[in-house]
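S.K.:
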Amino acid sequence: MNTIRRGLGNGLVQAFLVVVGLVWLTPLAGLFLSSLRSAQDTAKGGWWTALAAPGQLSFDNYAALLKNAGITQAFWNTVLISVPATVLVVVIAALAGYAFAWLDFPFREPLFLLVVALLVVPVQIGLLPVAKLFGALGLFGTIPGVVLFHVAYGLPFAVFLLRNYFAEMPKEMLEAARMDGGSEWRIFTRLVLPVGRPAIASLAIFQFLWVWNDMLVALLFADSSSQPLTVELQSQIRQFGSNIDVLAPGAFLSLIVPVVVFFAFQRHFVQGVMAGSVK
Numbered sequence: 001m002n003t004i005r006r007g008l009g010n011g012l013v014q015a016f017l018v019v020v021g022l023v024w025l026t027p028l029a030g031l032f033l034s035s036l037r038s039a040q041d042t043a044k045g046g047w048w049t050a051l052a053a054p055g056q057l058s059f060d061n062y063a064a065l066l067k068n069a070g071i072t073q074a075f076w077n078t079v080l081i082s083v084p085a086t087v088l089v090v091v092i093a094a095l096a097g098y099a100f101a102w103l104d105f106p107f108r109e110p111l112f113l114l115v116v117a118l119l120v121v122p123v124q125i126g127l128l129p130v131a132k133l134f135g136a137l138g139l140f141g142t143i144p145g146v147v148l149f150h151v152a153y154g155l156p157f158a159v160f161l162l163r164n165y166f167a168e169m170p171k172e173m174l175e176a177a178r179m180d181g182g183s184e185w186r187i188f189t190r191l192v193l194p195v196g197r198p199a200i201a202s203l204a205i206f207q208f209l210w211v212w213n214d215m216l217v218a219l220l221f222a223d224s225s226s227q228p229l230t231v232e233l234q235s236q237i238r239q240f241g242s243n244i245d246v247l248a249p250g251a252f253l254s255l256i257v258p259v260v261v262f263f264a265f266q267r268h269f270v271q272g273v274m275a276g277s278v279k
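The numbers in the UniProt record's numbering rise by one with no breaks, and the one at position 188 of the sequence shown is 188.
#1: Given this structure, state the Cα-to-Cα distance separating residue 60 from residue 248, to the nearest angstrom.
#2: Could you give the first and the last residue of the continuous alpha helix (DSSP H) run that contains residue 37?
#3: On a Cα-Cα basis, can you pick out the residue from 136, 181 and 199 that is closest to residue 164?
#4: Just to confirm the assignment, what range does the alpha helix (DSSP H) spanning residue 263 have?
#5: Can you give me the start and stop residues for the alpha helix (DSSP H) that residue 112 sits inside?
#6: Can you give me the C-alpha to C-alpha distance between residue 13 and residue 50, rounded to a whole angstrom?
#7: Compute the distance between the beta-carbons of residue 285 and residue 64, then report whether it is under 8 Å.
#8: What are the complete beta strand (DSSP E) segments, minimum 3 residues, inside the segment 20 to 102?
#9: Quick one: what's got a C-beta closer than 7 Å to residue 29's C-beta in the same chain, skipping five residues either side?
#10: According to DSSP, simplified to helix, strand and coil, what is residue 141?
#11: Excluding five sequence neighbours on each side, which residues of the same chain lie with their C-beta closer than 8 Å to the C-beta of residue 277?
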């Protein structure tokens, strides 16, 4: 009887998870089908009507998207912003996290408390002062300026996360490596980074998703030549409200990249979450 109950319980949980997954994927599927329909077909009915008439689906919209200079340039701008902002945050946070966790240097604890204090500072507070600073430095309206802003505001959480993860590593393991003659750099690259890979992967996913989907920072710090896909799509919606045959594939492109990144690193992400819950 207990076996039957456990089987029914597991079956109900799995069925519930399947339903949740389908509900979560429905908007993605709807946007994909909309991106394959012409503007005339979209005006006649919702995306679900394409299920009964698959002949109306084609990749002509994506061909038109490749000819839209604004959206294609915005896509590459998004890549040029998101990838460096993610890599820089992960690299700097990993180095700082290791230093705060295992190296002795003056004012280590006060500096870490300062990093923690920066977690509560809203992004909106720094927009105007940083905009004035970037204007004086010639970075306002440029891709490096947007990258630097994301790096600066992503580092406090990143350092806090990796420092706490690294600090939970066995002290004996690092001491044994030092006794074997390993330098701090060698210990960091050969021992700490492999062990901390789940946390680093989780951080990279969070940072990439935040930067890729950002529109607030880009609206202020990017000009027309450096604006990412989120701003370009919003601009085209305002200018060409009926341009659905270009906006739908552009929106799907903006959505599918974070989804692919998440599923590509899903295993490491789950390991990082589970390790954090255990610790």
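For every residue, glycine included, the Cβ atom is placed at its ideal position computed from N, Cα and C.
Given the structure is predicted, the values throughout are model-derived calculations rather than measurements.
M.R.: Per the coordinate set shown:
#1: Position 60 of the sequence shown, counted from the first residue, corresponds to residue 60. Position 248 of the sequence shown, counted from the first residue, corresponds to residue 248. About 12 Å.
#2: Position 37 of the sequence shown, counted from the start, is the residue given in the question as residue 37. Element bounds for residue 37: n/a, residue is neither H nor E.
#3: Here residue 164 is taken as the residue at index 164 of the sequence shown, counted from 1. Per the Cα distances, 199.
#4: If you number the sequence shown from 1, residue 263 lands on position 263. For residue 263, the enclosing alpha helix (DSSP H) covers residues 244 to 264.
#5: Within the sequence shown, residue 112 is the residue found at index 112, counting from 1. Taken as a continuous stretch (DSSP letters only), the alpha helix (DSSP H) holding residue 112 covers 108 to 118.
#6: Within the sequence shown, residue 13 is the residue found at index 13, counting from 1. Within the sequence shown, residue 50 is the residue found at index 50, counting from 1. Each residue's alpha carbon lies about 32 Å from the other.
#7: No answer is possible for residue 285: the residues shown for the chain start at 1 and end at 279.
#8: none
#9: Here the question's residue 29 lines up with position 29 in the sequence shown. Setting aside the 5 residues that flank it on each side, residue 29 has no residue in the same chain whose C-beta is closer than 7 Å to its C-beta.
#10: Counted from its first residue, the sequence shown places residue 141 at position 141. Looking at residue 141 - three-state DSSP - the assignment turns out to be strand.
#11: As a first step, residue 277 must be located in the sequence shown, where it is residue number 277. Because residue 277 carries a pLDDT of 43, less than 50, the predicted location of this residue cannot be relied on, and the following value inherits that uncertainty. Nothing meets the Cβ criterion.
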